[in-house]
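For the sequence shown, the positions run 149 to 301 when our numbering is used. Note sheet for the following structure.
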Amino acid sequence: MVLLSDRKVAHQPSPMSLPIIGNLFSLPPGPEHIMYMNLGKQLSSDIIYLNLLRNDIVVLNSAQAASDLLDKRSSLYSDRLRPLMFEDNSLLDWSTSPSLLEYNDAWRHQRRMMDKWMNGKDVSQFHKILETQTRPLLQRFLAASRDKPESTE
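If you want it as structure tokens, here you go:
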């Protein structure tokens, strides 16, 4: 059984949208910044939501809207996608890996610790190690490519 819902997700103001192509035909030709500015005036909003070929786009037409969303509410939008398999204890449990942490105090703490020895000038101490490890890696790649038969087309 398939259930279809008429509920719509609440978005910012948007021009009329068509299935699949979204707002593609709602956008007039011309320079994008002028088009977005005019669309904002038409919709009476500094924030515009567009859907183009199933890609969601949010346009911020004022410095105030940009500041409100990107500065004041940055913690809401700063997270990365974290696949469930990396957080599940029964699968991999990489939940404490710095690259997969949520944007929160734990992430900021990890970032401060890593920044002490991973900044631009201090990372040069690892150049020799990188060189000595890169050469054998490249040799293994070369050997693997020689062992692999040519692809047939």
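From the three backbone atoms N, C-alpha and C, an ideal C-beta is built for every residue, glycine too.
Candidates the options, of which the one nearest residue i by Cα
| i | options | result |
| --- | --- | --- |
| S226 | V207, Q190, S247 and M262 | S247 |
| R221 | S192, P231, N237 and N252 | N252 |
| N203 | P179, L229, D216 and I169 | I169 |
Contact belief for residue i with residue j at Cβ below 8 Å, rounded distance in angstroms
| i | j | result |
| --- | --- | --- |
| L200 | N171 | 6 Å |
| Y197 | P167 | At roughly 16 Å, the Cβ-Cβ gap does not stay under 8 Å, so Y197 and P167 are not in contact. |
Within-8 Å CB hit, residue i to chain B
| i | result |
| --- | --- |
| F289 | No chain B appears in the structure shown, which is made up of a single protein chain. |
Same chain, Cβ closer than 7 Å to residue i, five either side skipped, listed in chain order
| i | result |
| --- | --- |
| M183 | L175 and P176 |
| M164 | S174 |
| M185 | N209 |
| V150 | Low local confidence applies: a pLDDT of 40 at V150 is under 50, so the model's placement there is unreliable, with the coordinate-based value given in what follows. Nothing listed; no residue qualifies. |
| S223 | Y251 |
Same chain, Cβ closer than 8 Å to residue i, neighbours up to 5 away in sequence not counted
| i | result |
| --- | --- |
| M233 | L239 and L240 |
| I205 | Y197, L198 and N199 |
| L191 | P161, S162 and P163 |
| S245 | F234 |
Beta-carbon gap between residue i and residue j smaller than 8 Å
| i | j | result |
| --- | --- | --- |
| I195 | A211 | no |
Close-in-space but distant-in-sequence residues of the same chain around residue i (CB under 6 Å, 5 per side omitted)
| i | result |
| --- | --- |
| L286 | none |
| H159 | Y197 |
Any non-hydrogen atom of the ligand HEM within 7 Å of residue i CB
| i | result |
| --- | --- |
| Q160 | The ligand content of the structure shown is nil, which means the ligand HEM is not present either. |
Go through the segment 186-259 residue by residue and report every complete run of the beta strand (DSSP E) that reaches 3 residues or more, in order. Taking only runs of at least 3 residues, the beta strand (DSSP E) segments lying wholly in the segment 186-259 are 195-200 and 203-208.
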